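Here the sequence shown stands for residues 51 to 180, where the numbers follow the working numbering.
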Amino acid sequence: GCPRNCAEAGIKDVGIIGVDSGWEMYVAGNGGIKTEVAHFLVKVKTPEEVLEYTGAFCELYRQEGWYLERTVHYVNRVGLDYVKKRILEDHAGRKALWERLQFALDGEPDPWFDFKDAQVDTRQFEAVKA
51 GCPRNCAEAG IKDVGIIGVD SGWEMYVAGN GGIKTEVAHF LVKVKTPEEV LEYTGAFCEL
111 YRQEGWYLER TVHYVNRVGL DYVKKRILED HAGRKALWER LQFALDGEPD PWFDFKDAQV
171 DTRQFEAVKA
């Protein structure tokens, strides 16, 4: 990630920060008028783990969050320890949540697909050589 925290991963619903040995995942942040710092959830080593843990958290929130409830309020209501138990300690449960999210999204159009194959100048997405 950007060394200046341009993506503001520490105040997002889900924030991923790349570090030397993998990625750190933060959840339940909140931007805006009442800013809340996200909670550290886990450090993972592979891109596949980033997707699995993030997807499992999103599915857990999707299943248990109240209508219009932000992740910050959901985690405050159920407790970070509960989320950690469901995502970190219950390996089979985490995989089941991740699979359920994939099933729910199967058939949904990929919003980046057309852009990925479009004939556009992609240099804007390359790292700046200093």
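For each residue, glycine too, the CB sits at the ideal point set by N, CA and C. Being a predicted model, the structure only gives us computed values, none of them experimental.
Report task. Could you check if W148 is buried or exposed, using at least 16 other CB atoms within 10 Å of its CB as the buried criterion? Result -> buried
Query raised in the report: Can you list, in chain order, the residues of its chain whose CB lies under 6 Å from that of K62, leaving out five sequence neighbours each side?
Result: Contacts found: G79.
Requested in this report: Excluding the 5 residues preceding and the 5 following V64 in the sequence, name in chain order all residues of the same chain whose CB lies nearer than 6 Å to its CB.
Outcome: V77, T104
Query raised in the report: Who are the near neighbours of A106 in its chain, counting only those whose CB is closer than 7 Å to its CB and skipping five residues on each side?
Result: Excluding residues within five positions, the ones whose Cβ falls inside 7 Å are I137, R144, L147, W148.
Query - Residue burial classification, A59 (beta-carbon count within 10 angstroms, cutoff 16) - result: With 16 or more other Cβ atoms within 10 Å, it is buried.
Report task. Determine the burial state of T172: buried for a count of at least 16 other Cβ atoms within 10 Å of its Cβ, exposed for fewer. Result -> Exposed, by the Cβ-count rule.
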